[in-house]
Each structure stands twice: as structure tokens, then as C-alpha cells.
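S.K.: Here the protein sequences come in this chain order: A and B. Each step along the first sequence adds one to the number in this note's numbering, with nothing skipped, and position 223 is 223. Each step along the second sequence adds one to the number in this note's numbering, with nothing skipped, and position 442 is 1442. Sending over a structure as C-alpha cells; questions will come in a sec.
2 protein chains.
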Amino acid sequence: MRLTGQLLIGQSAVSGQNGTLRGIAAATGEPLEPAFGGASLHDLDTACTLADDAFDLYRETGLEARAAFLDAIGRQILALGDELIDRCVAESGLPRARVEGERGRTVGQLALFAQIVRDGGFLDARIDPARPDRKPLPRVDLRLRNVAIGPVAVFGASNFPLAFSVAGGDTASALAAGCPVIVKAHSAHPGTSELVGRAIQQAVRECGMPDGTFSLLFDASREIGQALVADPRIKAVGFTGSRRGGVALMHIAAARHEPIPVYAEMSSINPVLLMPGAVATRGEAIAPQFVASLTLGAGQFCTNPGLILAVDGPALRAFEQTAAAALDAAAAQTMLTPQIHAAYCDGVAKLRAHDAVDTLAEGAQGGAYQARAALFATSADAFMECIELRDEVFGPASLIVRCADAGTLHRVLKSLEGQLTIAAHLDDDDAPLFRTLLPTLERKAGRILVNGFGTGVEVGHAMVHGGPFPATSDTRTTSVGARAIERFLRPVSYQDVPAALLPPALRDGNPLNVAQRIDGVVAAREANHG
Amino acid sequence: MRLTGQLLIGQSAVSGQNGTLRGIAAATGEPLEPAFGGASLHDLDTACTLADDAFDLYRETGLEARAAFLDAIGRQILALGDELIDRCVAESGLPRARVEGERGRTVGQLALFAQIVRDGGFLDARIDPARPDRKPLPRVDLRLRNVAIGPVAVFGASNFPLAFSVAGGDTASALAAGCPVIVKAHSAHPGTSELVGRAIQQAVRECGMPDGTFSLLFDASREIGQALVADPRIKAVGFTGSRRGGVALMHIAAARHEPIPVYAEMSSINPVLLMPGAVATRGEAIAPQFVASLTLGAGQFCTNPGLILAVDGPALRAFEQTAAAALDAAAAQTMLTPQIHAAYCDGVAKLRAHDAVDTLAEGAQGGAYQARAALFATSADAFMECIELRDEVFGPASLIVRCADAGTLHRVLKSLEGQLTIAAHLDDDDAPLFRTLLPTLERKAGRILVNGFGTGVEVGHAMVHGGPFPATSDTRTTSVGARAIERFLRPVSYQDVPAALLPPALRDGNPLNVAQRIDGVVAAREANHG
């Protein structure tokens, strides 16, 4: 497929006239062909009109038709073949195997949401039947289902050019919920975005979905992204990116005449607790696993282990030495964009120069846009005093905080902001301390894990990729896994609506064979859909 | 019980020193004894500290213990007997039977949430078991449950001094979720608030719950309410009241370092659609039902029918005449507060004086603080042009919008803001038109009802008392019914956490006997809990 650099507005492809942007080869900083034309406010208006027009039709498509559409998107993405992989590798600088794996995850997410749509449980169908004989007042017939919230704006992430971008988790869960989607492409991978956008456009056509079900806009400034969040036809926003960017969108959404939810996944330093027993018995085994997690994908994961908390002593110092040795040997890796690389270098330089911080190790030097891994250490006192030590350094850098005792470790933990993940390494002896810390872990993080690292986010039913602010803007939600669909739904009650006018999910006899909660109890479904 | 006018901070009663307020006899405007001392910022800090200290304990109380606590609150409220009813009647001006009915609803809500807690389904327990043999990568063990979001601030409503106030739906659902609650009492019924607050305080003691599980603050200005929403220990807000008040709290919450959800139920004019067939065949039967709904409780329901949309013609005019005759005969009724009465008179005066509005009827004149019901009519053109005709007039006033045809009616409907309810009166002949309108009804309202009126909100599993802004601040939620508990929960994942350290709801063997979703499928539970 020849890249055209065009906006995809419904079933049209339009050359944007509002400035241009280009993909950049991450490894060399060289601009790539073609130029992408930026969307104008008029283009945005057209996309929003189409999405709003499509909404009532799209949200009432049958469950099987909508699931088949999600599956078709996955097929069309795979049909792009190596062209997608090549372009994505060039734009992101990520290794080929990683990009291929991410494509698998992206298609897997679409398949998961297709399964969730077929199941129909997300509708939360409820029936409280009428009780005409109830005293003192008869009870009305009341039925509830979830409906799609409305057209959704999705902002792709730089660090997952497939799985959190044009056809990523936000788009998949919004489409599954019945919401048309308008994607504002990330400027770091416009070619990847166009390819995936055309795959979705093709699936819309193939499945006979309304034109406005999907649009893809390029933005040569920040104007269009901001206007998209402010547009009254947009009813929710999905975003993965920086804290500054996410908070800016939150403020735009809160200032609207009709405020709307923003699901921003932003900033997390993902503390790792090394419990005394575990450090003493196997600290030197944990150290290389830690370095492997820290340097995976050049440290550009939302769940990258940027902070280690441990009780100081000989065992921790031995851990530090082993980790430093492993990190010394870590190869430099190309970062996603020259800007991200520059920000990383800046963050590392600040830590290196900080009076209260020891530099334990730095990895190998690399090319102009390659990150050199780095490991630092500081005291709990300094960490409590110096707020700048808490800033996320996006990339393969981590800071060890040496705590005088377990009580100090708990105080440091309590002082942290919200996190996507907190990992604890523990042995049997550490169980009592872990029990003491657990309530704090639950307050601070969306995912708590034992004897592992947060990198590697399983896409399933029990995953939470979320957490208290600033990890996300909305701690009630997850952006990965089955529950991501809930972000794009709202409940509606139907009172005494005649049977023939009820949505099928709420009819007696359960024609859709979805789970129906009757007077609060979920009725069994037919086995063939189980 | 002698009213003391004291703040209830955990298990203490403290005389507030930051100004005073008094209940006012709604019927006469006379101040009632005693004076209530306003909370200081120090009192607020104490209450928040206690709530935060109580949180980790309270949220992990056993399901049966927490359910028994909710039941105990209901018992303690009933034990207040006539003293509560007398004081509530005096402060609110509501008829005795209504107040007694509202007490029943309040106790019923507590019982519903006790049942929901015992059921345990709100935990949304999920288990994706490990698959060590999965290729290319083994799958980790991942489990999810909902946890309580944190201490909650509740702002009582003037119009439901029991069911939406100190022990109302917000408090009941937050306590059910595992959240300590701090109530800012509504200034319109401080005596009722103290009585109910003491009932909760007694239940906390009786059930051995942590001291900080509940506090009740009086606020002589707006300072304490605003500071409560801004306090970093507060993690969610429930509010029922005016649009201005709700939006002010939304802005405070959005401007916090850590933004938090505000569940504000604010403003709705609850359109009633009179479909052509229904008006023609039984408009004169619908008219008195409409007037009864309009004047119920002096029109001070959130779901009061403030707007009628209908196709103009002889049938509508006959409806108007019958409704006007019924309304002429409607007795004046005492309003909740002199301020609400003044605002109602002002709203009615503006409609009466409006060039494009016909006054169809006004009810009987009454006492100084009594509302006179009023019915107005205007054209669709005027309604589309004059934005002021959309303002909620809180009280027994309604405006009929005469539409030239069904298309005009649909355009007017599309132009409305979000609503709690939309009612449609229809006959079999109207089914095709209703089908055309239904997608718009679903976009605009949280509850759609046929051949009835929105007043009378059933507390059950399928109720949505919510809707798009400005009906509420968060269209994803309901403040009445079983799903209200979801507002105060957030999901947490546990990855590879050893069995002995897992929360009981997530353990193999299901010791709590709650619904567990295993690999996406809800496992059957033991029948005795069904």
C-alpha cells in the first residue's frame, strides 16, 4: 500500500492543508516520506459530524456483527504484512521482534473485545419485573442496559505504536462498546498510523458499518487535538502519554459546557519493593531480572521499574553491585524519538549531578539517539526531602532508595503518588511485613505483583492497567483488559416500556441470550453461548 | 433525644465555634431551637484524619459485619420514632405522610445495600489462572477485585431530608462500598441531620466499626464544604442540589492536585412527550395525572415534569384546558425553605411576564411560604429561540411547548440538555414515532418511561437516577439503586500473589462464596447465598 499522507475521514481520504508533519527515522533522525497534511478545524468538524451521524446506527448493530467487525480489523492489520512492520520499526526504532509481538497483542486485544461483545455481559441487562399487587404502591416494570456513551476521541501513544495507538486498546474497547472513534494520530508514527487507519477503514467498508464509525486525523500543531476534546459531539477521551499532555486534556474536558470523562494513562515510576528476606536470600538472582526489566524496550514502558525501595544493609549493597555489573554491560538502545531521547538525557543528567544521589552504573554509550541505561541510589531522607527525585525519567533509568528500616520504607511508600504497578519481592519470612504494607499498596497502585516486574501487561479479564492519579486520570478504570469497555458505557433505565419497543437485550425470553439480572440475580444462560 | 447542635466527629460530639446556623420552620419562617455551631477548618481536619485512619480497617470489614452495620443504621433511625418525623416535618414543611414514607425509603435503601454487600457481587472478583505452559510466554496468575475508593464527602439535599441526606443513598452506597463518610449537613434541616447522625454514630458504636467511619459537620458559611472537597484525604464526593452548587464542587475537585470524581445530581426539567395518538384518545385522562405529578410534594422532586412537548392541535388544546382546570383547583403547599419559595416565585414571575409565554392556569394562593402551582404554554419557535425558557423552575410549574408537527417535536427534543427522566405517553398508533424518537431519548436521559411520570423513583436493581450533564456530573453513574455502589469502588489486580496473602474474595475455593469470574466466565455459587 502506498502511503499518501492523507487524513481518513469516514470512508474518504483527504489531503490535509493545515501544515505538515513527517515521520522521523528513530535511529538516524532523518525525515521519512511522505509528508502528512495536518487537519483543519473544518476537517475536524466533518469527522465529528460523521461520527455523530453514525452513532445511533453503530451503537445498535447486532452483537455478532460488531464482533465480526472487530475481528475484521485484526485481519486487515495482519494483511498489511511486512509493510506495517517495516514502517513501524523505522518510525519507532523498536526491534523487529518487539513490533511483531506488539502486532500480535493488538490483534489479540481486538479478538478479546470481539469475544466480550459476543458474550453481551457488558450490557449489564437487568430486569426488575412489575409487581402490580405490591403494597402500599404497585411496582413498575423497570429494565436497565448499558448504552454506548457517544463518539470517542483517541490519542495514540508514542511507546506502543500499535497496541496503544490507532487500533489499540482504547479504540478496540470504544468500538466494542458501540462508540464511533476519531483518532488523533501520534506525530511519532504517522506512517504506521495511516496503514492501520486504512485497515480499519477497509474493515468498516467490508462489514457495512456506517461511514463515520472511524476517522483518523493528523495534527501539525496541538490545535486539532485540543479542539477535538472540546467538540460537543465528543463524549469521552482516551489518551496515553505524558502527565503534562494528559492533564491539559483533563482541564479542557472539565471546562466544557458539558464536561466529559478523560481516560488518561500518564505517569508512573512503578516502585519495586525488595523485602529484607528476599534480598538476603536471592538478591543477586533478582538483580539481573531487574536490569532486564529496566532495559526492556529501552525502558520505554509505562510500567518500567523506575524506583527501588529496600532496607539498607550488606544484602542491598550486594544487590546494587550485581545490578550495576549487569547494567554496565547493557547495550545502548534507540529511543522512540529524538525528543524523548533528549528528555531522557536531561533527566539522567539531573540525577547524576544531584548532591544526594550516587551514580551506581551507566550502560554502554551508543549512537546519537540511543539511550544509555543508568542506575542511581539515594537515602530515604533525601528522597523525602527532594521532590524532584520523584519525577518520572522516561527510559532505562532507575533510582534505589535505601531505607534505614521497614518503618522508613513504609513511610516512603505512603509518600508516593499513584502508580500503575507496585512489585514486591518477598520470601516466606517477609509475609508479615507484606501484610502490613498491603493496604498501602492497594491505595497507591492499580496492580500489585509479587516476585516479578510490571513490564509485560497481560491482556485478560483480571488485568488492571490503571491506578490513582497521576498514573491515570480516573482510578476507577483500566485501559487494558476486559474492563476497559466499561469506560465507554452508561446505564439507561426503561420503565413500563411495551415489550415490542424494548431493546432486545431487555426482552422477556432473552432473545439475545445475554446474562440478564432478574430482581438482582443473574439468570443462567443457554450453554451454547457460555 | 435532646438536640445539642453539636458536630459529630467520629464518636465525639463537639460544639462548633465557627459561626452558627438554625433550622427554620418552613411553614412560618420562624427559627427553631437549638443553634448549631459551624465546623472550623480544625474540626474538618480532625474528621478527615479520623476517616483516613478508619479507611483501611473499615474497608476490610467482613461482608456480614458491614451488612449488619447498615441494617443497624436503619434500626437506629426507626428507633428515633416520632421525634425524627416531627422535626423533619417542621424543618421541611413536607406533609407527615410523605416524611414517614421517605423514612421507609431510607431504611429500605440501607437494607438493599446490606443485601448487596452480603451478595459480594460488587467486588467483581476475577481470576485468570496461571498457565505456566503457554507459548510463547507463560501466563501469570492474575486476580482482580474492587476496593473502596477512600473517604467520601456527602452533601445532603434539601428536598429529601432523609432519603438523600445524612443517611441517604450516597451515604448508604459509600458505606456499603467500604468508604468512611463525612457528611456536610444541609442548612435547611440541621435538627433532622443531627438526629440521623446520632443514629449512625450509635450504629458505629454498637457494631464496633472504627471511630472515623462517620462524621457529620455543620457549615455556617460555604467554607467548610469547599474545604472538604479540596481535602487530599477525600477521594469522592456525592452531592444532590442545584446546578450552580454542583458545578462549583466539580470545579474544586478538578482543580485539586489529585482530581477526584464528583457525583452531583443537579438539574433536570424532565420532559413529558404527549404523542399524538395518546393525546387524541385519552388526553383528558392524562391531564389530571400530570397535574398530580406536577404538584406532588410542592413540585420539589428532581424528577418533576417541568416541560411538556406535544404536537399542537385541538386534542392538545383540550388537554391544556383539562390540565388548567385541575391546576386551578390545586391547593398551595409549603415549600422547603423561604429561599426556595422566593426563587420559585421569581421563576414563575419571569415566565408569566414573558412575551412568548401564555399563562394557562395558576393554583390557589396560599400562605407566605407556600407555592402556587402554575402552567404555561409557548410555541416551539419561541422555545428554540429563548434559552431562558429552559431554566429549571424548582417547584410546581410546567411549560407546554406546542410543536407544529412530529418533526418539530423531535428537533426540540434534540436541542435539550441532559435529563434525569423523559416520559412518553403513547398509544399503539404512536409506536412508529416512539421508535424514531427512542435513540434521542436514550442520548438525553438516564430513565425513559412510558405512560407514567418520573416522580416516584423505585429503589431497585434496574433503576438509573442519573443522566447526561447537567442532570448529573457523571452520566456513567446512578445515585439511586444497586449500581450506586459502583461510584465508590476501583479495581485492583493482584499478580502472582501467594494464596495466603490474597484477599479472601480472590482465593481458590472461594471461601467468601462470592461470584468469581474465572477466565471471563462467572462460576456458579453455592445455593445458600443465591
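From the three backbone atoms N, C-alpha and C, an ideal C-beta is built for every residue, glycine too.
1) Is Asp1391 of chain B near the ligand ATP, in the sense that its beta carbon is under 7 angstroms from a heavy atom of that ligand?
2) If the criterion is Cβ atoms closer than 8 angstroms, does the pair Ala1236 of chain B and Pro1261 of chain B meet it?
3) Report yes or no: is there a C-beta of chain B within less than 8 angstroms of the C-beta of Ala431 of chain A?
4) Which whole runs of the alpha helix (DSSP H) in the segment 71-127 of chain A are 4 residues long or more, in chain order?
5) From Ala1287 of chain B to Gln1370 of chain B, what distance separates their C-alpha atoms?
6) Given that a residue counts as buried once 16 or more other Cβ atoms are within 10 Å of its Cβ, and exposed if not, what is Ile1224 of chain B?
7) Residue range of the beta strand (DSSP E) that Ser12 of chain A falls in?
8) Does the beta carbon of Asn510 of chain A sit closer than 8 angstroms to a beta carbon anywhere in chain B?
9) Would you list, in chain order, the members of the segment 248-259 of chain A that have their beta-carbon closer than 7 angstroms to a beta-carbon of chain B?
10) By the 10 Å Cβ neighbour count, where 16 or more other Cβ atoms means buried, how is His257 of chain A classified, buried or exposed?
11) For the pair the segment 413-429 of chain A and the segment 439-448 of chain A, tell me if three or more CB-CB distances fall below 8 angstroms.
12) Classify Gln1300 of chain B: buried if its beta carbon has 16 or more other beta carbons within 10 angstroms, exposed otherwise.
13) Which residues share a DSSP beta bridge with Ile182 of chain A?
14) Output the boundary residues of the beta strand (DSSP E) element that contains His1341 of chain B.
15) Per DSSP, what kind of secondary structure is Pro1276 of chain B in: helix, strand or coil?
16) Determine whether the Cβ of Ala500 of chain A lies closer than 8 angstroms to any Cβ atom of chain B.
17) Which same chain residues end up closer than 7 angstroms to Leu78 of chain A when comparing Cβ atoms and leaving out the 5 residues on each side of it in sequence?
18) Skipping 5 residues on each side, what residues in its chain have a beta carbon closer than 6 angstroms to that of Pro491 of chain A?
19) Closer than 8 angstroms, CB to CB, is Tyr1344 of chain B near chain A or not?
20) What are the start and end residues of the alpha helix (DSSP H) that includes Ala315 of chain A?
21) Is there at least one Cβ from chain B nearer than 8 angstroms to Phe36 of chain A's Cβ?
22) Going by Cα to Cα distance, which pick from A:Ala404, A:Arg390, A:Asn451 is closest to Leu274 of chain A?
23) Can you tell me the Cα-Cα spacing of Ala1013 of chain B and Leu1007 of chain B, whole angstroms?
24) DSSP state of Phe1383 of chain B, grouped into three classes?
25) Using the beta-carbon of each residue, which ones in chain A are nearer than 8 angstroms to Asp1128 of chain B?
26) Please report the straight-line C-alpha distance between Thr1378 of chain B and Pro1161 of chain B, rounded to a whole angstrom.
27) Please name the residue in B:Ala1515, B:Ile1182, B:Cys1403, B:Glu1033 whose C-alpha comes closest to that of Ala1051 of chain B.
28) If you run the structure through DSSP and keep just helix, strand and coil, what is Val1140 of chain B?
29) Given this structure, state the Cα-to-Cα distance separating Asn1528 of chain B from Asp1119 of chain B, to the nearest angstrom.
30) Look at the Cβ atom of Asp170 of chain A, then the Cβ atom of Gly238 of chain A, and state whether they are nearer than 8 angstroms.
31) Who are the near neighbours of Ala157 of chain A in its chain, counting only those whose CB is closer than 7 angstroms to its CB and skipping five residues on each side?
32) Among B:Ala1177, B:Ala1047, B:Asp1219, which has the Cα closest to the Cα of Gly1037 of chain B?
33) Mapping DSSP to helix, strand and coil, what is Pro965 of chain B?
34) According to DSSP, is Cys1403 of chain B part of a helix, a strand, or is it coil?
35) For the alpha helix (DSSP H) that Gln1201 of chain B lies in, which residues bound it at each end?
36) Please state whether DSSP places Phe1069 of chain B in a helix, a strand or coil.
M.R.: Taking the structure as given:
1) In the structure shown, the ligand ATP is absent, as is every other ligand, since no ligand is present at all.
2) In this structure, Pro1261 of chain B lies closer than 8 angstroms to Ala1236 of chain B by Cβ.
3) Put simply, the CB of Ala431 of chain A is near chain B, with a gap under 8 angstroms to one of its CB atoms.
4) Within the segment 71-127 of chain A, the complete alpha helix (DSSP H) segments at least 4 residues long are 82-92, 96-119, listed from N- to C-terminus.
5) Ala1287 of chain B and Gln1370 of chain B: Cα-Cα distance of roughly 23 angstroms.
6) Buried, since its Cβ has 16 or more Cβ neighbours within 10 Å.
7) Counting along the chain, Ser12 of chain A sits inside the beta strand (DSSP E) bounded by residues 12-14.
8) False, the Cβ-Cβ gap to chain B never drops below 8 angstroms.
9) Residues of the segment 248-259 of chain A with a Cβ closer than 7 angstroms to any Cβ of chain B, in chain order: Met250, Ala254, Glu258, Pro259.
10) Burial state of His257 of chain A is exposed, judged by a 10 Å Cβ sphere holding fewer than 16 other Cβ atoms.
11) Cβ pair count under 8 angstroms is three or more, so yes.
12) The residue is buried, with at least 16 neighbouring Cβ atoms inside 10 Å.
13) BP columns for Ile182 of chain A point to A:Ala153, A:Ser215.
14) No beta strand (DSSP E) holds His1341 of chain B; the alpha helix (DSSP H) holding it covers 1338-1353.
15) Here Pro1276 of chain B sits in helix by DSSP.
16) So, interface residue.
17) Within the same chain, Cβ atoms closer than 7 angstroms to the Cβ of Leu78 of chain A are found at Val107, the five residues on either side in sequence being excluded.
18) Within the same chain, and ignoring the five residues on either side of Pro491 of chain A in sequence, the residues whose Cβ sits closer than 6 angstroms to its Cβ are Leu144, Asn146.
19) Not closer than 8 angstroms to any Cβ of chain A, the Cβ of Tyr1344 of chain B fails to qualify, so no.
20) 314-328 is the span of the alpha helix (DSSP H), which, as asked, contains Ala315 of chain A.
21) Cβ-Cβ to chain B under 8 angstroms: no for Phe36 of chain A.
22) Per the Cα distances, A:Asn451.
23) C-alpha separation (whole angstroms): 6 angstroms.
24) Helix at Phe1383 of chain B.
25) Taking the beta carbon of Asp1128 of chain B as reference, the chain A residues within 8 angstroms of it are Glu458, Gly460, His461, Ala462, Met463, listed in sequence order.
26) Approximately 34 angstroms, taken between the alpha carbons.
27) The alpha carbon of Ala1051 of chain B has as its nearest neighbour, out of B:Ala1515, B:Ile1182, B:Cys1403, B:Glu1033, the alpha carbon of B:Ile1182.
28) Correct three-state label for Val1140 of chain B: coil.
29) Bear in mind that the predicted position of Asn1528 of chain B carries a pLDDT of just 45, short of 50, making it too unreliable to give a figure here.
30) In this structure, Asp170 of chain A places its C-beta atom within 8 angstroms of the C-beta atom of Gly238 of chain A.
31) The beta carbon of Ala157 of chain A lies closer than 7 angstroms to those of Phe164, Ser165, His186, Thr240, Gly241 in the same chain, with the five residues before and after it left out.
32) With distances taken between Cα atoms, Gly1037 of chain B lies closest to B:Asp1219.
33) Residue 965 of chain B is absent from the structure shown; chain B starts at 1001 and stops at 1530.
34) Of the three classes helix, strand and coil, the one that applies to Cys1403 of chain B here is strand, per DSSP.
35) Counting along the chain, the alpha helix (DSSP H) containing Gln1201 of chain B begins and ends at 1190-1206.
36) In this structure, Phe1069 of chain B counts as helix in the three-state DSSP scheme.
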